Amino acid sequence: MTRLFVFIWFMALISVFTLSGATSLVAAEDVIAPSPEVMASVRVTSKPPASVGDTVDDLVAVFNPDLFALDADHKPVTPITNMFSQPASDIAREVADNTWLNFLIFLPFLVLPEVLLLYVIWKFKARNDGRKSATFMGNHTLEIIWTAIPCLALVVVSVPVWHVLWKMELPPANQKDAMSIEVRGKSFAWDYKYQDHQISIGQDVMGVQEPLVLQKGKTTILNITSNDVNHAWWVPAFGVKKDAIIGRYTYTWFTPDTEGLFKGQCAELCGQGHGVMIISSVVVNAERFARYLAMQRQRNDTLKIWNQLAPTIMTLDQVALDQAVVAYLAKSRTNDRQLALRYWIASNYASCIRRRQVGLTPAEVAQRSVERRHLLDQAIDRALAVASK
Amino acid sequence: MNAPAALPMPELKRYTGVMDWLTTVDHKKIGLMYFWFVVIMGLIGGAFAGLIRIQLATPGAVLEALNAAQIEGSAAPFSLFSENRHLYNQIVTMHASVMIFFTIIPGFIAFSNYVVPLMIGARDMAFPKMNAFGFWLLIPSAILMMTSFFVKGGAAASGWTAYPPLSLVGHGTDPGQDMWVMGVHLAGVSSILAAINFIVTITNMRAPGMTWKKLPLFAWATFFTSIIQLLATPVLAAAVTMVLMDRNFGTTFTIAAQGGDPVLYQHIFWVYSHPAVYIMILPGFGAISHIFAAFSGKKVFGYLGMVIALGMITVVGFMVWAHHMFTVGMPTILQAYFMYASLVIGVPTGIKVFSWLATMWGGNLRFTTPMKFACGFISTFTIGGFGGLILAMVPTDITFQDSYFVVGHFHMVLVGGSTMLLFAMAYYWWPKMTGRVLNEKVGSFVFWTMLAGVFICFMSMHLVGYNGMARRVPVYYADFQFLNLLTTFGYALTFISALTFFFQLIFSYFQAPTAGNDPWQINDVQESFEWATSSPPPVYNFEVVPPIPVADQIGKQH
């Protein structure tokens, strides 16, 4: 009996202490490269490309890594990080530190009873050696001690947690510089609205959930609500979670401090699609974030051109395409606007490859992607040539 | 005046066989019926858990679901519910409902029913017919919930918490959710009747000389539990009635568009459901004190402290409900209050754990099956309680809320705690209840498989929640596969344990009832009357109500 207890206890404690190690181990297995023949023109990237002169595909990989995160079997790769092993915001770091502090303060109250239990089991097991049982029925000193010491521990933990709590629940100190985003849960996806920029994102042309793109170092306030049933917005790496409730706005804030892709998911039972109500968030630097906003502003204008280029269009109408491109560039011919056009066509194609088209294999869609994006480049060149004459 | 004529005596018909059980008002028979009801419902709830664990053994792939019909030719991962995640939600809901309303809460009522009148030297409960009524209400309640799988739209699928708006719009006008609400109502009425009965019985029917200061701890615990049940259960009824009326009668308690508030429901629901977690463990706290004392050959350590701790848990338990809702967006000062109040509950619980250890200190410990379960309970419950302290801290809880860490925590407390306690109580009192002595080797097997299963299953749940897995999901990120597989393995051990227990009890009926008055030979330390009568006790419990002090009387009865 004693030995088995010791064994199980050893296992339990080991597992608790190796928490963070196990986490990183599991996460590392899942970064698998895509099959080259399916997506010759795209690449999975866990790190943003270093150079300033990003290609369009680089940008898609930066702003919507989900689109390329497919493994060799064309299944999405979904690494998830948590705030303890890889905290990605100021809140997450503070909460993780506070959690470990509380853990250490409380640990004696876990270990002491267990050790005492094992000791008592070993020491006072009936051995038929004629030992008489003790007869004491109380000990006021002891009882006072084991009431007072836990109370003391509670007082000790209550001080640091008070500061963390008020910090994370009150509006941020630099509220005026913060970026506000409205988060709207609906069954079973998320809509985001950059309230300072009048930009709304959510689902792309294929109905695939888009990531929430955030700026590194920029304090972000999320105003969360719901269209229907209760949801909860939760990205573990940011250390925040808030319910989305119809009829009221809840809010939370954090300052992302690490670039990369962070996954989460709806944390309040919301019906059949609850398990697949995925949340992605991408943190980029200030320069890229400005570029992202600029491209989002052009987004609606690119739809007409996409309608000419979509993979479901069997025969391309060259004239209509040229007209659409000319119309698009008539508004403005800056590099940014051209880039936005290329970006959205590339992004839409990546989404089509990810979410399979009826009647087309991913390889066929990828083939069309290469051909038609080339045609688009030519159409842009022609339009620019005409315009410059 | 003439002497009154002799009144005609009413014909008192005594049934035998099945009719005897159907019409009985004997607290012992009702207790046994509660017990078997609980065992069977527990196995059903455990089978639901099995379906969940089979589904979650593989990621089922968030992936496969995201790409839904678009994936051609790629082998979909094994998934019980790939076509019907609505069914998965039904199973999740019913697993919780069955385990809470039909297994753990009535499980403790079963033992309270059987043992408390014996302990305090009463001949029956104060209201025997109400007692029987309370039990028989559970049957239609269970039937309502179980048969709702077969109605249009299936059973309730909004979780056992039934948060609106999901419980309102989840499946429109289909009757599953309504049947769930009615089932909860009936179970609630049953619970309230039992609570009234215990309070009156313990207050008024103690044997002469058994003052409050000498009341056995299990009776004390039942008394406090009954107070919680009496005060809290009507609140649950109010909460689910709001859902029922919003669904059917056009009220708008929880409909935001018409001025209601979904959060209102959550508050009212948890005003019941937090105290309910103490309903689900306090009686066991009391019972385990008897077990430790009995098998240590000592008296309970710090009796008064134990009673005060029970009382504190009862009172403070009412004041902490909103720690289930830290992410709902309530004022920070309330979060702070509920955090500190929740932490305070750790203190009386700690007093109890240390007092149990002190009860064992210096004794001669006999590791019978109930004693093993009691020791196992301390080891698992301490972990569950530790997780509770971590979860009480708001900043940490905001991350862990609705994650598998929470699931691991409350299963550690409800399976590692309450269920272990129920097993301990069943092994401890089974010889008294049936006269049959259970085999220690089988009991030992049940204990070790249960302990290993609980550790493997729920420690993995803690870890996977720490890593970021949300609860109530039918599919999950592939990163979590290994720990989920481990959880499923632990579940299998636990279920094997429960099945072995079930068959051991069944087969025990084929033995001869050889247990004497005091099958555990604990007569020098016991502090309650139940060992002063035969096993099983006669209908009237005691030929002569045994006077205090108990210890002097043992062995002199019969």
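If you read the protein sequences in the order shown, they are chains A and S.
If you read the first sequence in our numbering, its first letter stands for residue 624, the second for the next number, and so on.
If you read the second sequence in our numbering, its first letter stands for residue 236, the second for the next number, and so on.
For glycine and all other residues, C-beta sits at the position ideal for the given N, C-alpha and C.
All figures in this text were calculated on a predicted structure; none of them were measured in a lab.
In the displayed model, R750/A falls within coil according to three-state DSSP, outside both helix and strand. In the DSSP assignment, K816/A is bridged to E805/A and S823/A.
Under the three-state reduction of DSSP, G444/S is assigned to coil, being neither helix nor strand. Approximately 18 Å separates the beta-carbon atoms of N853/A and P709/S; this is outside 8 Å, ruling out the contact. Taking the C-beta atoms as reference points, V648/S is found no nearer than 8 Å to F608/S. The beta carbon of N674/S does not come within 8 Å of any beta carbon belonging to chain A, so the residue lies off that interface. Secondary structure in the region 538 to 589 of chain S: the alpha helix (DSSP H) runs of 4 residues or longer, each lying completely within the stretch, are 538 to 552 in chain order.
With a threshold of 8 Å between beta carbons, D866/A makes contact with chain S. Two segments are said to touch when three or more pairs of C-beta atoms, one from each, lie closer than 8 Å; by this definition the region 856 to 870 of chain A touches the region 704 to 718 of chain A. If you compare the alpha carbons of F737/S, A713/S and S531/S with that of M760/A, the shortest gap goes to S531/S.
Nearest neighbour of G581/S by Cα position, chosen from A950/A, L765/A, L733/A and V679/A, turns out to be L733/A. DSSP places K886/A inside the beta strand (DSSP E), whose first and last residues are G883 to Q888. A direct Cα-Cα distance of roughly 54 Å separates A511/S from W967/A. Following the DSSP letters along the chain, one finds D866/A inside the beta strand (DSSP E) bounded by residues V863 to A867. Counting along the chain, H897/A sits inside no alpha helix (DSSP H), nor does DSSP assign it H or E at all.
By the criterion of a C-beta distance shorter than 7 Å, P772/S is surrounded in its chain by K263 and L353, once the five residues flanking it on both sides are discounted. The beta-carbon of N324/S is placed less than 8 Å from the nearest beta-carbon of chain A. Residues of chain S whose Cβ lies closer than 8 Å to the Cβ of I869/A are, in chain order, P400, A491, A492 and P497.
Contact residues of the region 784 to 809 of chain A toward chain S are V784, W785, V787, L788, W789, M791, E792 and L793 (C-beta to C-beta distance below 8 Å). Contact annotation for F877/A against chain S: no contact, minimum CB-CB distance about 11 Å [criterion: below 9 Å]. Boundaries for Q493/S: no beta strand (DSSP E) harbours it, and the DSSP string shows neither H nor E there. CA-CA distance, F336/S to A422/S, rounds to 7 Å. Put simply, the CB of I744/A is near chain S, with a gap under 8 Å to one of its CB atoms. The region 772 to 787 of chain A makes no contact with the region 864 to 871 of chain A, as fewer than three CB pairs between them are under 8 Å.
Assignment of S1011/A by DSSP, reduced to helix, strand and coil, places it in the helix class. At a beta-carbon threshold of 8 Å, the residues of chain S lying near L777/A are Y575, L578, V579, G581 and V582, ordered along the chain. Chain A places a beta carbon closer than 8 Å to that of I633/S, counting this residue as a contact.
The beta carbon of D814/A sits closer than 7 Å to the beta carbons of R807, S823 and G825 from its chain, once the five residues preceding and following it are set aside; these are given in chain order. With fewer than 16 other Cβ atoms from the protein chains shown falling within 10 Å of its own Cβ, V1009/A counts as exposed. Identification of chain S residues near Q919/A by a Cβ-Cβ cut-off of 8 Å yields none; the smallest Cβ-Cβ distance measures about 23 Å. In this structure the region 762 to 771 of chain A lies against the region 582 to 590 of chain S, because at least three pairs of beta carbons, one per stretch, are closer than 8 Å. Distance from the CA of T654/S to the CA of I339/S, rounded to the nearest whole angstrom, comes to 7 Å.
Against chain A, the beta carbon of Q570/S has neighbours under 8 Å at L788 and E792, listed in chain order. Separation of F272/S and S332/S (C-alpha to C-alpha, rounded to the nearest whole angstrom) is 15 Å. Taking 8 Å as the CB threshold, D681/A stays off the interface with chain S. The closest CA to that of V551/S, considering only I568/S, L578/S and A571/S, is found on L578/S.
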